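Visitor: Sequence positions in the sequence shown follow UniProt numbering and run 1 to 453.
Quick reminder that beta carbons are idealized off the backbone N, C-alpha and C, glycines included.
Just so it is clear, the structure is predicted and the values come from calculations on it, not from any experiment.
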Amino acid sequence: MLFPLHADDAADQRACLICGDRATGLHYGIISCEGCKGFFKRSICNKRVYRCSRDKNCEMSRKQRNRCQYCRLLKCLQMGMNRKAIREDGMPGGRNKSIGPVQITEEEIERIMTGQEFKEDAPEHTWGNNGDSDHSSPSNGASEGNQPSPASTLSSNRSVEMNGYTVALRDQYINTSLSTHYQLLPHLFSYAAQSGLLTPQPRNLYPQSHPLVLQLVAAEDLSPLTTPMLIEDGYKVTQVELFALLCRLADELLFRQISWIKKLPFFCELSIEDYTCLLSSTWQELILLSCLTIYSAQIFGDLADVTAKYTPSDDELQGFSEDGMEVMERLIYLFRKFHQLKISNEEYACMKAINFLNQDIRGLSNISQLEQLNKRYWYLCQDYTEYKYPHQPKRFPEIMMCLPEIRCIAGKLVNVPLEQLPLLFKAVLHSCKSSLTSYRTGPSPCVTVSSGN
1 MLFPLHADDA ADQRACLICG DRATGLHYGI ISCEGCKGFF KRSICNKRVY
51 RCSRDKNCEM SRKQRNRCQY CRLLKCLQMG MNRKAIREDG MPGGRNKSIG
101 PVQITEEEIE RIMTGQEFKE DAPEHTWGNN GDSDHSSPSN GASEGNQPSP
151 ASTLSSNRSV EMNGYTVALR DQYINTSLST HYQLLPHLFS YAAQSGLLTP
201 QPRNLYPQSH PLVLQLVAAE DLSPLTTPML IEDGYKVTQV ELFALLCRLA
251 DELLFRQISW IKKLPFFCEL SIEDYTCLLS STWQELILLS CLTIYSAQIF
301 GDLADVTAKY TPSDDELQGF SEDGMEVMER LIYLFRKFHQ LKISNEEYAC
351 MKAINFLNQD IRGLSNISQL EQLNKRYWYL CQDYTEYKYP HQPKRFPEIM
401 MCLPEIRCIA GKLVNVPLEQ LPLLFKAVLH SCKSSLTSYR TGPSPCVTVS
451 SGN
């Protein structure tokens, strides 16, 4: 419900009741801005639990609102934002008839803030780490048509604790560790077993499929990235310099994806037009996947060292967007998931092919052939993981669940303002590198091969 913002409207009618920013309408029962509207929706839909590092009375303003998500959600509830006006699936539409603010007791607010309310409301069937998902369908994780969008399939049985990250960024300059502790935050994509395409029992066909796996791995350029990422001690990197470095890295990584396509074992089975369409829609996902695996030693080592020499201004910290915060959360979760799984080069090559062969992208001509190719490499990845890791029966579905999250992150990354990318990369790399030093158990197979060439 948007305001007709006429000139004679009172100024206080256009001020968000949460942070004081310019309001855009009546959202979930109260006058609020787009930022607080989106924050409240994500917090409720994703069933998030935050922590305040102070006295639970942090100032809320346009510049301060991102510093403490606990106090921001608390104020949303205290001001009367109606969580029941949000559709359970998190999608737009289905506007609730009760458009006014709601009054809830302090006890109810406490139950929401501690997550107790979410535990009781959790659905019976969620796909967590202990869920049974061995009979997943090799759907390509479509975000169109009848398949759920990755953005709307966030897990409801886990939570994330996130203090004011901008404060934590400042803390790092005096060598204090991040106070943010992330629990596992599986944003899961439900691969429904509607068609029964996967057989119930492990097939152990990997030896017969071995040549095809080797062909996929051979198509990869495992040599280290050549973009210079070494900075002399004491040098302070500026925002412009870091942004230019990120652009050069993206150029090199994109060039490697183009070269990879030409070496694929199925290159002759699709038209150039379809390849162009696929690459234009998936290049960000391919780059992100490669950065988390075969190039992770350089990205979370050399590049992290460069970003550590960049000091963002107070304006940059205070202006960090909601989209940037969400991308940061998701990237850190995904990094930790990849580090936990220790994805091999063979698994990475299969994941990349499956993600690339997305038959749900608009504008493709040979969709049936794409579907067959997608199934081929889906089965190949399943065969490989079940043969190589017989004592990890859930490894294959866990790996496949990473793909829709990668797509979701890539889709949300385009909403982050370009000038915020240096701060975003600094925040993510700092947090991920801190995690590595705290619980490193040895490099993943992908890292070993990448750094050895």
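1. Assuming GLY25 is part of the beta strand (DSSP E), what are its boundary residues?
2. Determine whether the beta carbon atoms of TYR295 and LYS426 lie at a separation below 8 Å.
3. Below 8 Å on the Cβ atoms is my contact criterion, and I expect ASN57 with CYS36 to pass it. Report the Cβ-Cβ distance as a whole number of Å.
4. Taking all protein chains shown into account, decide if HIS391 is buried (16 or more other Cβ within 10 angstroms of its Cβ) or exposed.
5. How about MET229 and LEU303: are their beta carbons less than 8 Å apart?
6. Checking the sheet assignment: what are the DSSP bridge partners for SER32?
7. Can you give me the C-alpha to C-alpha distance between GLY324 and LEU292, rounded to a whole angstrom?
8. Tell me the residue span of the alpha helix (DSSP H) that contains ARG72.
9. For SER435, which of helix, strand or coil comes out of DSSP?
10. In this structure, does DSSP put TYR235 in helix, strand or coil?
11. Could you please give me the residues that DSSP links to ALA15 through a beta bridge?
12. Can you look up residue 454 in the DSSP assignment and give me helix, strand or coil?
13. Three or more C-beta pairs closer than 8 Å, one from the region 255-269 and one from the region 396-412: is that the case here?
14. Write down every uninterrupted run of the alpha helix (DSSP H) in the region 304-361 whose length is 4 residues or greater and which is fully enclosed by it, in chain order.
15. Determine the closest residue to PRO312 out of ASN46, LEU242, GLY115, ALA250, with distance taken between C-alpha atoms.
16. Pick out whichever of ASP315, GLU220, VAL428 has its Cα sitting closest to the Cα of GLY301.
17. To the nearest angstrom, how far is it from the Cα of LYS433 to the Cα of SER368?
18. How big is the Cα-Cα spacing for ASP274 and SER365?
19. Could you tell me the distance, in whole angstroms, from the CA atom of VAL416 to the CA atom of GLU322?
20. Look at the alpha carbon of LEU246 and the alpha carbon of LYS342, and state the distance between them as a whole number of angstroms.
21. Which of the three DSSP states is assigned to LYS263 in this structure?
22. Please state whether DSSP places ARG62 in a helix, a strand or coil.
23. Could you check where the alpha helix (DSSP H) with GLN284 kicks off and where it finishes?
Guide: According to the data block:
1. Looking up residue 25 in the sequence shown gives position 25. Looking at the DSSP string, the run of the beta strand (DSSP E) that includes GLY25 is 25-27.
2. For this step, residue 295 is matched to residue 295 along the sequence shown. For this step, residue 426 is matched to residue 426 along the sequence shown. It is not a contact, given that the beta carbons lie outside the stated cut-off.
3. Here residue 57 corresponds to residue number 57 of the sequence shown, with the count starting at 1. Here residue 36 corresponds to residue number 36 of the sequence shown, with the count starting at 1. Not a contact, Cβ separation roughly 18 Å.
4. On the sequence shown, position 391 is the one that residue 391 refers to. When all chains shown are included, HIS391 counts as exposed.
5. Here residue 229 refers to the residue found at position 229 of the sequence shown. Here residue 303 refers to the residue found at position 303 of the sequence shown. Cβ atoms of MET229 and LEU303: closer than 8 Å.
6. Here residue 32 refers to the residue found at position 32 when the sequence shown is read from its first residue. As computed with DSSP, SER32 is found in a beta bridge with GLY25.
7. Counting from 1 along the sequence shown, the entry for residue 324 is found at position 324. Counting from 1 along the sequence shown, the entry for residue 292 is found at position 292. Within the model, the alpha-carbon separation for GLY324 versus LEU292 is close to 19 Å.
8. As a first step, residue 72 must be located in the sequence shown, where it is residue number 72. For ARG72, the enclosing alpha helix (DSSP H) begins and ends at 69-78.
9. Position 435 of the sequence shown, counted from the start, is the residue given in the question as residue 435. Helix, per DSSP.
10. Here residue 235 refers to the residue found at position 235 when the sequence shown is read from its first residue. Of the three classes helix, strand and coil, the one that applies to TYR235 here is coil, per DSSP.
11. Your numbering for residue 15 matches position 15 in the sequence shown. Looking at the DSSP output, ALA15 shares a beta bridge with ARG22.
12. This structure leaves residue 454 out entirely; the chain is present only between 1 and 453.
13. Not touching, per the Cβ criterion.
14. Taking only runs of at least 4 residues, the alpha helix (DSSP H) segments lying wholly in the region 304-361 are 304-308, 314-318, 322-341, 345-356.
15. Position 312 of the sequence shown holds residue 312. For PRO312, the nearest C-alpha among the options comes from LEU242.
16. For the purposes of this step, residue 301 is identified with residue 301 of the sequence shown, where counting begins at 1. Closest option to GLY301, Cα to Cα, is VAL428.
17. Translated into positions along the sequence shown, residue 433 becomes position 433. Translated into positions along the sequence shown, residue 368 becomes position 368. In this model, LYS433 and SER368 are separated by some 42 Å (Cα to Cα).
18. Numbered from its first residue, the sequence shown carries residue 274 at position 274. Numbered from its first residue, the sequence shown carries residue 365 at position 365. Looking at the two C-alpha atoms, the distance is approximately 7 Å.
19. Position 416 of the sequence shown holds residue 416. Position 322 of the sequence shown holds residue 322. The alpha-carbon of VAL416 is positioned some 9 Å away from that of GLU322.
20. The sequence position of residue 246 within the sequence shown is 246, counting from 1. The sequence position of residue 342 within the sequence shown is 342, counting from 1. Just so you know, the alpha carbons of LEU246 and LYS342 end up roughly 25 Å apart.
21. For this step, residue 263 is matched to residue 263 along the sequence shown. Helix.
22. By 1-based counting over the sequence shown, the position of residue 62 is 62. Coil.
23. On the sequence shown, residue 284 is found 284 positions in, with the first residue counted as 1. Note, GLN284: alpha helix (DSSP H), 272-292.
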